[in-house]
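If you read the sequence shown in UniProt numbering, its first letter stands for residue 1, the second for the next number, and so on.
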Amino acid sequence: MTDQATAHGVARQTPLRPPAGRLTVAGRLPRALHPGAWWLWALGLATAASHTTNPLPLALLVAAAALVVVRRRGDAPWAFAFRMYLILGAVIVAMRVVFRLVFGGGQGDHVLLHLPEIPLPAWAAGIRLFGPVAAEQLLGGFYDGLRLATMLICLGAANALANPKRLLKAVPAALYAISTAVVVALSVAPQLVESVLRVRRARRLRGATGNGLRALRGIALPVLADALDRSLALAAAMDSRGYGRTAAIPAGQRALTGGLVLAGLVGVCVGTYGLLDATVPSYLGLPMLIVGLATAVVGMLLAGRQVRRSRYRPDRWRITEVVVAGCGVATAVVMAVAGSVDPVRLYPPVSPLTWPELTPLMLLVVAVAVAPAWLAPPPTLADHRTPRPVLIPSDGTTRSSPKCDTSESEAQR
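In structure tokens:
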């Protein structure tokens with residue numbers, strides 16, 4: 001039947017093919033990576049950044065995080081918030097340098113300029129406003145600010161890559177209320193960025209060309225109204241899905257569960273303090289920490305029975321998630337090893353002034369940190385364009401849509 005239809009010149013339709021560019025070199029289909037993997041990767045980068053003040057590896061870590069975000073972010077609203085974290089990091093670095101300049105930056109041999117010093121009363125001894133400004137103090141403020149900014153940018157990369165709403169599936173049932181509040185707080189900044197972009201686009205379409213305070217007033221009010229609408233919609237959605245409901249658990253069991261969790265957290269705090277302070281007895285160190293962790297885990301397991309949640313398509317950990325999370329852990333471990341091998345290179349001194357240097361271990365840290373840009377699967381994009389079927393008529397020519405047939409027949413006429 002098909003051969004006869006083809007012989008009479010009837011077009012034969014081939015199966016639809018996926019759009020070009022949606023498959024990677026390895027042939028992996030696009031999918032959303034588990035948000036926990038991105039957060040473990042970002043925490044590993046932030047931990048590595050906290051172990052050094054060398055501006056060279058810090059700048060390379062920022063570049064690695066930016067490259068991973070550019071290659072593996074989707075088109076969701078929170079995916080476009082990474083630029084805001086970059087701007088915030090630059091503001092942090094500038095503020096640290098300005099603080100060193102305002103609150104006495106003259107401790108050093110290379111004085112750059114002399115500012116008029118403001119005298120302070122006797123009760124403010126040890127604090128100086130302005131005065132001579134030395135290069136050593138400004139450089140120290142730049143190093144500290146860059147480290148803090150790098151840690152913030154790494155966490156911002158996780159916020160741009162991971163779906164904050166899917167984090168609710170990954171937390172224990174006992175912490176669902178806290179996790180809901182954290183997820184809502186994490187999604188505030190991306191939603192504000194989306195609202196500002198939408199309002200500015202609407203203003204341009206209406207021909208609004210105001211600048212300064214007038215434009216700010218025209219943008220702030222719609223953004224505030226949009227934030228209130230989102231809050232009401234979120235509250236209604238959470239209420240319809242049963243957030244806040246608990247199972248019928250006796251009051252005594254609830255009190256026991258809360259007491260176990262509280263006692264476990266206190267034990268963890270005491271054990272951590274015992275590990276950091278060598279003067280306390282040994283049983284208040286590692287043994288107390290282990291007992292506190294075990295008690296807290298038992299309390300959370302019991303508290304999880306009070307929550308009844310249903311899961312639709314739970315996120316699975318696959319080999320790719322393990323690889324991405326392992327890259328973050330390996331980044332932190334290699335940086336710690338680099339600090340134990342050559343701590344001077346990780347913390348370059350500012351007095352005397354020395355040029356920062358890179359070591360092979362630092363380069364290995366950056367290489368491991370940027371590996372998810374190629375190891376992670378491509379993200380799923382909201383591509384609403386439907387590919388047109390390819391029609392193959394009997395004469396062997398290829399036509400992309402019936403519109404081509406109509407135009408060709410009209411041209412023949």
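Even glycine gets a Cβ: it sits at the ideal position worked out from N, Cα and C. These numbers come from a predicted model, not from an experiment.
Ranges of the alpha helix (DSSP H) found wholly within the region 65-148, counting only runs of at least 4: 82-102
Considering only residues of the same chain and omitting the five flanking positions on each side of VAL368, which have a CB-CB separation below 7 Å? CYS327, ALA330, THR331 and VAL334
Closer than 6 Å by C-beta to LEU146: which residues in its own chain qualify, once you throw out the five before and the five after it? Chain order, please. PRO55, LEU58 and VAL93
Could you give the distance in angstroms between the alpha-carbon of TRP355 and the alpha-carbon of CYS269? 40 Å
Mapping DSSP to helix, strand and coil, what is TRP355? coil
Report buried or exposed for VAL97, applying the criterion of at least 16 other Cβ atoms within 10 angstroms of its Cβ. buried
If distances are taken between C-alpha atoms only, which option among VAL337, PRO132 and ALA236 comes closest to LEU101? PRO132
Among GLN253, GLU194, ALA296 and LEU152, nearest to ILE87 - alpha-carbon criterion: LEU152
Measure from the alpha carbon of PRO348 to the alpha carbon of each residue in LEU29, HIS51 and LEU45, then state which is nearest. HIS51
May I ask you to report which of helix, strand or coil DSSP gives VAL25? Confidence is the limiting factor: at VAL25 the pLDDT is only 38, short of 50, which leaves the residue's position unreliable, though a coordinate-based value still follows. Coil, per DSSP.
Quick check: ASP75 and LEU275, are their CB atoms within less than 8 Å of each other? no
Is the region 215-231 close to the region 107-116, with three or more CB pairs under 8 Å? no
Out of ALA162, PRO119 and ARG83, which one is the CA nearest neighbour of ALA149? ARG83
My understanding is that ALA325 touches VAL365, with C-beta atoms under 8 Å, so please give their C-beta distance in whole angstroms. Not really, about 16 Å apart at Cβ, beyond 8 Å.
Using the Cβ count rule (16 or more neighbours within 10 Å means buried), how would you classify THR257? buried
What is the rounded straight-line gap between the Cα of ALA65 and the Cα of PRO77? 19 Å
Distance CB(VAL291)-CB(LEU260) smaller than 8 Å: no
Measuring CB to CB, does PRO372 end up less than 8 Å from PRO30? no
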